[in-house]
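Take a look at the structure below.
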Amino acid sequence: MADVTDLIDSEVFQAFATYATIVLLKMMLMSPLTGYCRMTRKAFSNPEDVAMHAKGDDAKKYLRTDATVERVRRCHLNDLENIVPFLGIGLLYALSGPELDTALFHFRIFVGSRICHTFSYLVPLPQPCRAVSWMAGMGATFSMAYRLLSTGLRL
Amino acid sequence: MADVTDLIDSEVFQAFATYATIVLLKMMLMSPLTGYCRMTRKAFSNPEDVAMHAKGDDAKKYLRTDATVERVRRCHLNDLENIVPFLGIGLLYALSGPELDTALFHFRIFVGSRICHTFSYLVPLPQPCRAVSWMAGMGATFSMAYRLLSTGLRL
Amino acid sequence: MADVTDLIDSEVFQAFATYATIVLLKMMLMSPLTGYCRMTRKAFSNPEDVAMHAKGDDAKKYLRTDATVERVRRCHLNDLENIVPFLGIGLLYALSGPELDTALFHFRIFVGSRICHTFSYLVPLPQPCRAVSWMAGMGATFSMAYRLLSTGLRL
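Here it is in structure tokens:
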């Protein structure tokens, strides 16, 4: 187990582990938030979910879409679309031996940008708040990908 | 290549590899299932897909949504939303040197919960079958994230 | 840091890093493409996005779905559904010590298939172009999963 211990002892890797876990936890909170919005707004997509709240004809009217629920779902999907590249590229980047300061800079920008993005999407704040926070996160991931491809391309 | 071999020889990592592969294979089966439902129910979303089944005006009526297809798609999306955090957090957790028994406990709960979730969603079983299986998976991932952040926080 | 350097020096791992980064960059380009289509076709899903283009009653009519925007979004979601298993299974496969040639064969097929898939989806090319490219990618991932489970199953 010596190697695994050494790997996890690398400060860059440990920083990646911390920031990746934080941003994944943030994303996971979108699921209960969707559930909460569905409950309070009574907007469901499955008949079996409505059964707990109403019966018969009354139930059918709760099988509908709601603007707030859809907003939370779009925010969640956008998280997925951005966090998956960060996880993949960030992990490979952390293993490619970057400077600790540079790596922390990238991880912090990304995680900060996703928190701002969620906040901007759910309040909602006027544009370009959401667009700018989305771009900051994309930029951090692109920058890590550039470093990866420029230092060790193996086609 | 000595280090890579040692890494993959760690029993916890090997267990993670097995369970992650199983749960990803389960998720991948949702794609052909969606395709199968689209074929049998003749509910497509792209004009070029319909062309294999019908022509002209007949084709347009197949560009529609179908309750069963949408159910499979929601199940697939829920898989994505839950399996991505498991992959990220589970990998970092497996590398943080947990006890084998504890790690196996987490991986088994998660994979079992996702199989129950899919089953509950597609049959469909009455609630709270789906809700409980979804929560068990979330709980396993949260517990691994807690262990990660409590043992090696590096901000 | 010796181990991390050794790990990243393994040719198979470096090949995985390169192909995973390429396919993730391809996926990330779907986000700005969606944005571009929303702008040119004036089809938005959030009121705050429309505010930059129109005011009052004029704004409401831009809160709509558009066939091209939905096509790009479906392509993006299909990417996510296929690239997530590739990242997870591919990473574990790269660490399981396969032959370099075999590994390269799998990675190239997968990345090639996803590029063909995007091209087939967005042009769009007649079926079965998209179906075949999707299947090639699934096949490559399944093949890596089979190798993983057949060499080191640890339940």
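Residue numbers (the numbering used here), protein chains in the order written: chain C, -17 to 137; chain U, -17 to 137; chain Z, -17 to 137. Heads up, the beta-carbon is just placed ideally off N, CA and C, and yes, glycines get one too.
- Taking 8 Å as the threshold, the shortest C-beta distance from E63/U to chain Z does not fall below it.
- Restricting attention to A41/U, M34/U, A49/U and M10/U, the CA atom closest to the CA of C19/U is found in A49/U.
- Within chain Z, the residues whose beta carbon sits less than 9 Å from that of M120/C are M10, S13 and P14, listed in sequence order.
- M21/Z counts as exposed, since fewer than 16 other C-beta atoms from the protein chains shown sit within 10 angstroms of its C-beta.
- For the stretch 82 to 114 of chain C, the residues whose beta carbon sits under 7 Å from a beta carbon of chain Z are, in order, P106, P108 and Q109.
- Within chain U, no residue has its CB atom less than 8 Å from the CB of R23/Z, the nearest being about 17 Å off.
- I71/C sits away from T133/C, with the two beta carbons spaced by 8 Å or more.
- For G70/Z, the uninterrupted alpha helix (DSSP H) run begins and ends at A49 to A76, by DSSP.
- Every unbroken stretch of the alpha helix (DSSP H) spanning 4 or more residues and falling wholly within the stretch 19 to 46 of chain Z is given here in chain order: 29 to 32 and 39 to 42.
- Our two residues, P67/U and I91/Z, have alpha carbons roughly 27 Å apart in a direct line.
- The continuous alpha helix (DSSP H) containing G94/U extends over residues L82 to L104.
- Residues of the stretch -5 to 9 of chain Z whose Cβ lies closer than 9 Å to any Cβ of chain U, in chain order: F(-5).
- Non-local beta-carbon contacts of S95/U in its own chain, meaning distances under 6 Å to residues more than five positions away in sequence, involve S115, A118 and G119 in chain order.
- Between the stretch 28 to 36 of chain C and the stretch 103 to 110 of chain U, the count of Cβ pairs shorter than 8 Å is three or higher; the stretches touch.
- Excluding the 5 residues flanking it on each side, Y75/U has same chain C-beta neighbours closer than 6 Å at M126 and L130, in chain order.
- The beta carbon of M34/U falls within 8 Å of a beta carbon belonging to chain Z, placing the residue at that interface.
- When 9 Å is used as the limit between beta carbons, N28/U is near these residues of chain Z: R53, R56, Y103, P106, Q109 and R112, in chain order.
- Around L69/Z, the beta-carbon contacts reaching into chain C at under 8 Å are V66, L69 and G70.
- Neighbourhood of D31/U in chain Z, by CB distance below 7 Å: Q109, in chain order.
- Among the residues of chain Z, none has a CB under 8 Å from the CB of A41/C; the nearest is roughly 27 Å distant.
- From the beta-carbon of R136/C, the residues of chain Z found nearer than 7 Å are E(-7), Q(-4), A(-3) and T0.
- In the three-state reduction of the DSSP assignment, L137/C falls in the coil class, being assigned neither a helical nor a strand state.
- Spatial neighbours of S102/U in its own chain (CB-CB distance under 8 Å, excluding positions within 5 residues in sequence) are listed in chain order as C111, R112 and S115.
- Interface criterion met: the Cβ of L131/U is under 8 Å from a Cβ in chain C.
- Cβ-Cβ separation between R55/U and T16/U: approximately 6 Å, consistent with a contact (criterion under 8 Å).
- Boundaries for L107/C: no alpha helix (DSSP H) harbours it, and the DSSP string shows neither H nor E there.
- Secondary structure of S(-8)/C (DSSP, three-state): coil.
- Secondary structure at L11/U: coil, using DSSP grouped into helix, strand and coil.
- CA-CA distance, L73/Z to F(-5)/Z, rounds to 8 Å.
- At a C-beta separation below 7 Å, T50/Z has no neighbours in chain U, since its nearest C-beta there lies roughly 12 Å away.
- Residue state for G121/C is assigned as helix, using DSSP reduced to three classes.
- Considering only H88/U, G79/U, L69/U and V93/U, the residue with the shortest C-alpha distance to T3/C is L69/U.
- The DSSP-derived three-state label of G79/Z is coil.
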